[in-house]
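Participant:
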Amino acid sequence: MEPVLVSACLQGVPCRFDGRGKASAAVTGAVGDRRPVAFCPEVAAGLPTPRRPAEIVGGDGHDVLDGRARVVDDTGHDVTEEFVDGARRALEAARRAGCTEALLMARSPSCGRGTVYDGTFTGELREGDGVTAALLERHGITVRPAPGG
Ligand code: SF4
């Protein structure tokens, strides 16, 4: 079966910042008959669960990778290094499993594709990718946001 990298929380793993997972029939349908490779970049980077919510300040995941923006949690603690490390680990996992596509959690500062929170912790969104989504795209892995948010 063809492998597809999937945000672990979308597979029901309780790894979100709030200690929950987010499996859904829509995601199961989007995976289809492919083999899901569940991965959580933030946990892989050693961040705890639950953890403080984090957002990208000053840009999106591409800007983080280029050193123009950073990732901070809602206490102001800088977690940029962990988010970049998690992205690298996700890329390694995708390559190891032979994934050419990833189905990732919408709006996350790691996994978001096309839209992420804007760094103000007010629920506002901006165009852009999370750090992991940006790194995967840069290395030729097609990233799709999970259906249903
Ligand atoms: S980093 Fe990605 S896989 Fe991990 S909890 Fe956040 S959205 Fe889910």
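If you read the sequence shown in our numbering, its first letter stands for residue 1388, the second for the next number, and so on.
Idealized CB from N, CA, C, for every residue including glycine.
With a CB to CB cut of under 8 Å and the five nearest residues on each side skipped, what residues in its chain are close to residue 1400?
Facilitator: Here residue 1400 is taken as the residue at index 13 of the sequence shown, counted from 1. Excluding its 5 nearest sequence neighbours in each direction, residue 1400 has C-beta neighbours in its own chain below 8 Å: 1408, 1425 and 1427, listed in chain order.
Participant: Can you name, in chain order, every residue of its own chain whose Cβ lies under 7 Å from the Cβ of residue 1421, other than the five neighbours on each side?
Facilitator: Your numbering for residue 1421 matches position 34 in the sequence shown. Counting only Cβ-Cβ distances below 7 Å, and skipping sequence neighbours, we find 1388, 1389, 1390 and 1391.
Participant: Name the residue from 1411, 1470, 1434 and 1419 whose alpha carbon lies nearest to the alpha carbon of residue 1499.
Facilitator: By one-based count along the sequence shown, residue 1499 stands at place 112. When only C-alpha atoms are compared, the closest one is 1470.
Participant: Excluding five sequence neighbours on each side, which residues of the same chain lie with their C-beta closer than 6 Å to the C-beta of residue 1445?
Facilitator: Residue mapping note: residue 1445 aligns to position 58 of the sequence shown, counting from 1. Excluding positions up to five away in sequence, the list reads 1456.
Participant: Do you know how far the Cα of residue 1440 is from the Cα of residue 1465?
Facilitator: The residue given as residue 1465 occupies position 78 in the sequence shown. The residue given as residue 1440 occupies position 53 in the sequence shown. So the two alpha carbons sit approximately 12 Å from each other.
Participant: Roughly how far, in whole angstroms, is the beta-carbon of residue 1490 from the beta-carbon of residue 1418, given that I think they are within contact range, below 8 Å?
Facilitator: Translated into positions along the sequence shown, residue 1490 becomes position 103. Translated into positions along the sequence shown, residue 1418 becomes position 31. About 7 Å separates the two Cβ atoms, so the contact holds.
Participant: Would you list, in sequence order, the uninterrupted alpha helix (DSSP H) runs of no fewer than 4 residues that lie entirely inside the region 1408–1494?
Facilitator: 1412–1418, 1428–1431, 1448–1452 and 1467–1484
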